[in-house]
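J.: Numbering (this note's numbering), first residue to last: 117 to 529.
Note that the Cβ used here is the ideal one computed from N, Cα and C, for glycine as well.
Quick caveat, the model's predicted, so the values are computed rather than measured.
Shown below is the structure under consideration.
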Ligand code: LLP
């Protein structure tokens, strides 16, 4: 759950800043993040894994420039999946040399851009991609540092949409084909084979599958060493899950110790690509209640935030805890919390028990990962603003979109 969220005289604060005050000043829907929570989450990883580990924040979880810059100051690298995410990292931090580039469909233009910017490594997901990177780097007279993403065929036991390490997923190179793929990579003149990686899924609440994936990669690394292919790093992909409600979560230090024991004294550095666990519980989505409506069979709390602001509930049936910003001493109602979008799937929560009235504010918790980064303009809705809180102070880190923003790319004769 969110540790930096507390009631003070019945009113909800993030760190030392009142959420009612922020809603008053910036309007709603509003994303509010705790800088302290970001710092703590990063330091937990850094402390658990120690030296010789590069923590590459997965930009897709939340790519706000201020968040990227904050993580860079803490020592993070970045995991990206598009040229756009690379541009964000460079805009925020001025550098690409701690960036690794994942994803199954990197375009020629993206590869060229990443090579020119000097990224640390491409995580390559197929043989055609190996050839493409080799061609582009040859043309640019550069050598591309690459790692192969191997699909370890481990069941991450998470939601099927975010499970990525099984044979039937589109990701990675099959485990049985890995040796041949490395031999091919080694033979291509414009590649520098530096690593191995995997990513088996997201929101994992058990580290056993992650540890199993690590073991399988190490078996491969040893075979590669015997074959004269010496890797410099092993990248275990995304991080652990977070607590949205009451999930029991693994201790990072236990995960770290198991991984280190498996790596043993091999001369390998470690890369991790956590996204959700670095940001997820650092922020809330603030929304105001427009109406409370009694339907024929159930009640609806209609908020000014909708599925375009936070898609996770409708896309994954994901649970986000929702609490009133001001606690009232009234009878609770049981209601679905829904937005103004014209779809029955437009909900933030179902059958919640809340003591609220019209015009009250709600805080949708654990809303800093895959929240704003997945927001859209569906129904011509302007995306909300984002605020970063730091102790007693706060900064607007993204202004609310305007109507003009919505059509600025459109051309009218
Ligand atoms: N590395 C790669 C190659 C990935 O594909 C992902 C996430 C990560 C790292 C970061 O994983 P994390 O530490 O966040 O678990 N939109 C979904 C999550 C999709 C995750 C996609 N890949 C959600 O809202 O739950």
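If you measure from the CB of residue 359, is any heavy atom of the ligand LLP nearer than 7 Å?
T.: No - the ligand LLP has no heavy atom lying nearer than 7 Å to the Cβ of residue 359.
J.: Hey, how far is the Cα of residue 258 from the Cα of residue 301?
T.: Rounded to the nearest angstrom, the two C-alpha atoms are 15 Å apart.
J.: Please list, in chain order, all residues of the same chain as residue 313 whose beta carbon is under 6 Å from its beta carbon, the five residues on each side excluded.
T.: Excluding sequence neighbours, residue 313 sits near 239, 263, 265 and 351.
J.: Does any heavy atom of the ligand LLP sit closer than 7 Å to the C-beta of residue 389?
T.: Yes, the Cβ of residue 389 comes within 7 Å of a heavy atom of the ligand LLP.
J.: Could you give the uninterrupted runs of the beta strand (DSSP E) lying entirely in the stretch 136 to 165, keeping only those of 3 residues or more?
T.: Segments of the beta strand (DSSP E) lying fully in the stretch 136 to 165: 146 to 150.
J.: Does the ligand LLP have even one heavy atom less than 7 Å from the beta-carbon of residue 362?
T.: Every heavy atom of the ligand LLP is 7 Å or more from the Cβ of residue 362, so no.
J.: May I ask you to verify whether the stretch 502 to 522 touches the stretch 130 to 141, counting CB pairs closer than 8 Å and requiring at least 3?
T.: They touch, by the three-pair rule.
J.: Rounding to the nearest angstrom, what Cα-Cα distance links residue 180 and residue 242 in this structure?
T.: Cα-Cα distance, rounded: 30 Å.
J.: Curious, which full-length alpha helix (DSSP H) runs of at least 4 residues does the stretch 182 to 237 contain?
T.: Complete alpha helix (DSSP H) runs here, min 4: 199 to 209 and 224 to 233.
J.: DSSP puts residue 514 in a beta bridge; with which residues?
T.: Answer is 502.
J.: Can you list, in chain order, the stretches of the alpha helix (DSSP H) that have 4 or more residues and sit fully within the stretch 372 to 412?
T.: Qualifying alpha helix (DSSP H) stretches, in chain order: 392 to 395.
J.: Can you name the start and end residues of the beta strand (DSSP E) that residue 467 belongs to?
T.: 463 to 470 is the extent of the beta strand (DSSP E) around residue 467.
J.: For residue 128, list the residues DSSP reports as bridge partners.
T.: Residue 128 pairs with 123.
J.: When DSSP labels each residue in this structure, what does residue 454 get in the three-state scheme?
T.: Looking at residue 454 - three-state DSSP - the assignment turns out to be strand.
J.: Flag this pair as yes or no: are the beta carbons of residue 477 and residue 142 separated by less than 8 Å?
T.: The answer is no: Cβ separation not under 8 Å.
J.: Would you kindly work out how many angstroms separate the C-alpha atoms of residue 484 and residue 418, rounded to a whole number?
T.: Going by the C-alpha atoms only, they are around 22 Å apart.
J.: I'd like to confirm something about residue 521: is its beta-carbon nearer than 7 Å to some heavy atom of the ligand LLP, or not?
T.: Checking every heavy atom of the ligand LLP against the Cβ of residue 521, none is found closer than 7 Å.
J.: For residue 170, does the count of other Cβ atoms within 10 angstroms reach 16, so buried, or fall short, so exposed?
T.: Result: buried.
J.: Could you tell me the distance, in whole angstroms, from the CA atom of residue 135 to the CA atom of residue 376?
T.: Those two C-alpha atoms are separated by around 42 Å.
J.: Check whether the Cβ of residue 437 lies closer than 7 Å to any heavy atom of the ligand LLP, and answer yes or no.
T.: No, the Cβ of residue 437 stays beyond 7 Å of every heavy atom of the ligand LLP.
J.: Pick from 162, 443 and 268: whose alpha carbon is nearest that of residue 124?
T.: Ranking the options by Cα distance to residue 124, first place goes to 443.
J.: Going by CA-CA distance only, name the one from 364, 221 and 306 that's closest to residue 323.
T.: Among 364, 221 and 306, the Cα nearest to that of residue 323 belongs to 364.
J.: Residue 315 to residue 332, Cα distance in whole Å?
T.: Approximately 13 Å, taken between the alpha carbons.
J.: Whose CA, out of 286, 379 and 311, lies closest to the CA of residue 317?
T.: When each option's Cα is compared against that of residue 317, the closest is 286.
J.: Below 8 Å on the Cβ atoms is my guess for residue 496 versus residue 522; work out the distance and round it to an integer in Å.
T.: Sure, about 6 Å apart at Cβ, within 8 Å.
J.: With DSSP as the reference, identify every bridge partner of residue 334, one or two as the case may be.
T.: Paired residue(s): none; residue 334 is not in a bridge.
J.: Given 7 Å as the limit, tell me if residue 189 has its C-beta closer than that to any heavy atom belonging to the ligand LLP.
T.: No, the Cβ of residue 189 stays beyond 7 Å of every heavy atom of the ligand LLP.
J.: What do you get for residue 481, buried or exposed, if any count of 16 or more other CB atoms within 10 angstroms of its CB means buried?
T.: The residue in question, residue 481, is buried, as its Cβ has 16 or more Cβ neighbours within 10 Å.
J.: Helix, strand or coil: which one does DSSP assign to residue 254?
T.: Reduced to three states, the DSSP call for residue 254 is helix.
J.: Indicate the three-state DSSP secondary structure (helix, strand or coil) for residue 296 in the structure shown.
T.: Reduced to three states, the DSSP call for residue 296 is helix.
J.: Which two residues bound the contiguous alpha helix (DSSP H) that contains residue 431?
T.: From DSSP, the alpha helix (DSSP H) with residue 431 extends over 428 to 432.
J.: Using CA coordinates, which residue listed in 456, 296 and 388 is at the minimum distance from residue 406?
T.: Measuring from the Cα of residue 406, the nearest candidate turns out to be 456.
J.: Run through DSSP, which three-state label would residue 321 get?
T.: In the structure shown, residue 321 sits in coil (DSSP, three-state: anything other than H, G, I, E or B).
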